[in-house]
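Numbering (numbering that gives the first Met the number 0), first residue to last: 0 to 290.
Using N, Cα and C, we set each Cβ at its ideal position, and we do this for glycine too.
As the structure is a computational prediction, the values presented were derived from the model and not from experiment.
Beneath this line is the structure, given in structure tokens, with notes to follow.
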Amino acid sequence: MKLLYFEEFGKLSVPQRLRPHLRKILLNAGIVEVPYRQFGMLFYFMIFSTLGVYFIKVFPVLQDKGYNLFFFFLLTFVVVAGIAFFMAIVMMVLVYSYVDLKVFNRTKGIEEVLDDYLNLVSENIKGGMSLDRAMWAAVKPEHGVLAKEIQVSAKKVATGQPIEQALVEFTEKYDSPMTKRALGLIIEGAQGGADVSLIIDKVVDNIRETKLLKKEMIAANATYTIFITFIVLVIAPALFALSFQLLNILTQFSTKIGSSASLTSAALPINFSGTSLSIHDFLLFSRLTLL
Numbered sequence: 000m001k002l003l004y005f006e007e008f009g010k011l012s013v014p015q016r017l018r019p020h021l022r023k024i025l026l027n028a029g030i031v032e033v034p035y036r037q038f039g040m041l042f043y044f045m046i047f048s049t050l051g052v053y054f055i056k057v058f059p060v061l062q063d064k065g066y067n068l069f070f071f072f073l074l075t076f077v078v079v080a081g082i083a084f085f086m087a088i089v090m091m092v093l094v095y096s097y098v099d100l101k102v103f104n105r106t107k108g109i110e111e112v113l114d115d116y117l118n119l120v121s122e123n124i125k126g127g128m129s130l131d132r133a134m135w136a137a138v139k140p141e142h143g144v145l146a147k148e149i150q151v152s153a154k155k156v157a158t159g160q161p162i163e164q165a166l167v168e169f170t171e172k173y174d175s176p177m178t179k180r181a182l183g184l185i186i187e188g189a190q191g192g193a194d195v196s197l198i199i200d201k202v203v204d205n206i207r208e209t210k211l212l213k214k215e216m217i218a219a220n221a222t223y224t225i226f227i228t229f230i231v232l233v234i235a236p237a238l239f240a241l242s243f244q245l246l247n248i249l250t251q252f253s254t255k256i257g258s259s260a261s262l263t264s265a266a267l268p269i270n271f272s273g274t275s276l277s278i279h280d281f282l283l284f285s286r287l288t289l290l
């Protein structure tokens with residue numbers, strides 16, 4: 000609906016000086032155009048949510064208090080501004096989390112296929128291709144995000160940018176030490192005149208060893224996680240249940256023995272007056288511990 004001006008309000012919600020930074024983050028997430036229309040929809044949602052919370056929760060309370068008109072409007076302004084600020088913070092956090100998750104998934108997607116891609120690049124170089132031609136020829140559709148990024152770098156090189164600079168710009172877009180280290184070594188080798196195919200083979204072996212170590216670490220951590228989860232969810236509640244039954248039995252037993260001993264004149268060497276820990280305190284301790 001044009002009358003709602005979603006895109007216009009979306010542009011107004013993003014300060015001018017933040018737009019380049021926002022566009023860079025969105026590009027890293029694979030979002031080519033800034034979604035000002037969606038930002039405008041979020042702006043309207045924030046307005047209506049703020050008014051809804053105010054009229055449903057706050058307005059009846061202010062009416063019952065019987066404030067004078069000036070104080071009533073002052074409180075209304077403060078409360079509405081506070082609710083709107085809170086809603087804006089929540090929506091910004093949600094949007095940033097969504098974008099950051101997309102960047103993270105793209106980074107992991109690049110790391111998953113990086114060794115296979117570089118292996119193809121090495122084979123192309125051994126076949127007589129130059130580094131740039133070998134990299135462009137190694138791009139396959141199954142490489143996903145990496146294929147798109149390499150194609151972007153190829154366009155930059157076609158416009159006259161050095162391949163080293165294009166690859167550096169690619170690695171700086173993602174927080175991936177593996178990608179930065181691998182392509183950094185290849186760039187240094189190409190600039191130093193070394194055998195690039197040999198360097199790439201070493202890099203591929205290193206990446207695969209790193210992946211194997213990560214899988215082993217994940218498997219080891221998963222074993223400990225399952226063990227600790229089993230203790231928390233099964234063993235600990237069972238032990239607390241047994242302790243509760245034992246405490247209940249001891250309480251009843253000590254009460255009966257204490258009452259029987261009080262009827263006799265003989266003094267017993269053991270005091271059966273009762274347990275020092277109440278059942279209520281034990282239940283409270285158990286619940287807090289399990290939480």
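Smallest Cα separation from THR250: which of ILE88, VAL233 and PHE281?
-> Comparing Cα-Cα distances from THR250 to each of ILE88, VAL233 and PHE281, the minimum goes to PHE281.
Local Cβ density within 10 Å of MET134, reported as buried at 16 or more and exposed below that | Counting Cβ neighbours within 10 Å, MET134 comes out buried, since at least 16 surround it.
Tell me whether the beta-carbon of TYR43 lies closer than 7 Å to the beta-carbon of GLY9.
-> In this structure, GLY9 does not lie closer than 7 Å to TYR43 by Cβ.
Just list the alpha helix (DSSP H) runs in the stretch 148 to 198, keeping only unbroken ones of 4 residues or longer that don't cross its boundaries, in chain order.
-> Every unbroken stretch of the alpha helix (DSSP H) spanning 4 or more residues and falling wholly within the stretch 148 to 198 is given here in chain order: 162 to 171 and 176 to 191.
Could you check what DSSP says for LEU238 in three-state terms: helix, strand or coil?
-> LEU238: helix per DSSP, three-state reduction.
Indicate the three-state DSSP secondary structure (helix, strand or coil) for VAL33 in the structure shown.
-> VAL33 falls in the coil class under three-state DSSP.
Whole-angstrom Cβ separation of VAL144 and ILE109, contact assumed at under 8 Å?
-> Contact holds; Cβ gap of about 5 Å.
Exposure of PHE38, with buried meaning 16 or more beta-carbon neighbours within 10 Å = Its Cβ being crowded by 16 or more others within 10 Å, PHE38 is buried.
LYS139 - DSSP class collapsed to helix/strand/coil | Here DSSP, grouped into helix, strand and coil, assigns LYS139 to coil.
Residue from VAL231, LYS179 and MET128 whose Cα sits closest to the Cα of SER196 | Nearest of VAL231, LYS179 and MET128 to SER196, Cα basis: MET128.
So what does DSSP say about GLY108, is it helix, strand or coil?
-> Per DSSP, reduced to three states, the secondary structure at GLY108 is helical.
Take GLN118 and list the residues in its own chain whose beta-carbon comes closer than 7 Å to its own, dropping the five residues that flank it on each side.
-> Residue identity differs from the one stated: residue 118 is Asn in this sequence, not Gln. For ASN118, where only same-chain residues beyond five positions count, the Cβ hits under 7 Å are VAL203.
Which residues in the same chain as VAL120 place their Cβ atom closer than 7 Å to its Cβ, once the five residues preceding and following it in sequence are excluded?
-> So the qualifying residues of the chain are ALA133, MET134, ALA137 and ILE199.
Alpha carbon to alpha carbon, how far is VAL102 from PHE5? Give it in angstroms, no decimals.
-> Rounded to the nearest whole angstrom, the C-alpha separation of PHE5 and VAL102 is 26 Å.
Roughly how many angstroms separate the alpha carbons of LEU212 and LYS172, rounded to a whole number?
-> Computed Cα separation, rounded: 25 Å.
So, helix, strand or coil for PRO19, using DSSP?
-> The answer is helix: DSSP assigns PRO19 an H, G or I state.
Over what stretch of residues does the alpha helix (DSSP H) that includes PHE58 continue unbroken?
-> Unbroken alpha helix (DSSP H) run through PHE58: 58 to 64.
Name the residue from ILE248, PRO19 and ASP131 whose alpha carbon lies nearest to the alpha carbon of ALA189.
-> When each option's Cα is compared against that of ALA189, the closest is ASP131.
Using a Cβ-Cβ cut-off of 6 Å (strictly less than) and excluding sequence neighbours within five positions of THR106, which residues of its own chain qualify?
-> These residues qualify, in order along the chain: TYR173 and SER175.
Ordered along the chain, which non-local residues of its own chain (more than five positions away) have a Cβ less than 8 Å from that of VAL33?
-> VAL13, ARG18, LEU21, ARG22 and LEU25, listed in sequence order.
With a 10 Å radius around its C-beta and 16 neighbouring C-beta atoms as the bar for buried, classify MET91 as buried or exposed.
-> Flag for MET91 reads exposed.
Output the distance between the C-alpha atoms of VAL231 and MET216, rounded to the nearest integer angstrom.
-> So the two alpha carbons sit approximately 22 Å from each other.
Reducing DSSP to helix, strand and coil, say where PHE43 ends up.
-> Reading off the sequence shown, one finds Tyr at residue 43, where the question assumed Phe. TYR43: helix per DSSP, three-state reduction.
If you pair each beta-carbon of the stretch 147 to 163 with each one of the stretch 233 to 253, do three or more pairs fall below 8 Å?
-> Below 8 Å, too few C-beta pairs join the stretch 147 to 163 and the stretch 233 to 253 to call them touching: fewer than three.
Do MET45 and MET86 come within 7 Å of each other at the CB atom, strictly closer than that value?
-> A contact, by the Cβ cut-off of 7 Å.
Same chain only: Cβ atoms within 7 Å of VAL52, ignoring 5 sequence neighbours per side = Scanning its chain for C-beta atoms nearer than 7 Å, with the 5 sequence neighbours on each side dropped, one finds around VAL52 the residues ILE82, in chain order.
Ignore the nearest five residues each way along the sequence and tell me which others in GLU163's own chain have a CB closer than 8 Å to its CB.
-> For GLU163, where only same-chain residues beyond five positions count, the Cβ hits under 8 Å are ILE186, ALA189 and GLN190.
So, is TYR97 buried or exposed, given that buried needs 16 or more other C-beta atoms within 10 angstroms?
-> Classification of TYR97: exposed, given that the 10 Å Cβ count is below 16.
If you count every other CB in all the chains shown that lies within 10 Å of the CB of ASP194, and 16 or more means buried, which is it?
-> Around the Cβ of ASP194, a 10 Å sphere holds fewer than 16 other Cβ atoms; the residue is exposed.
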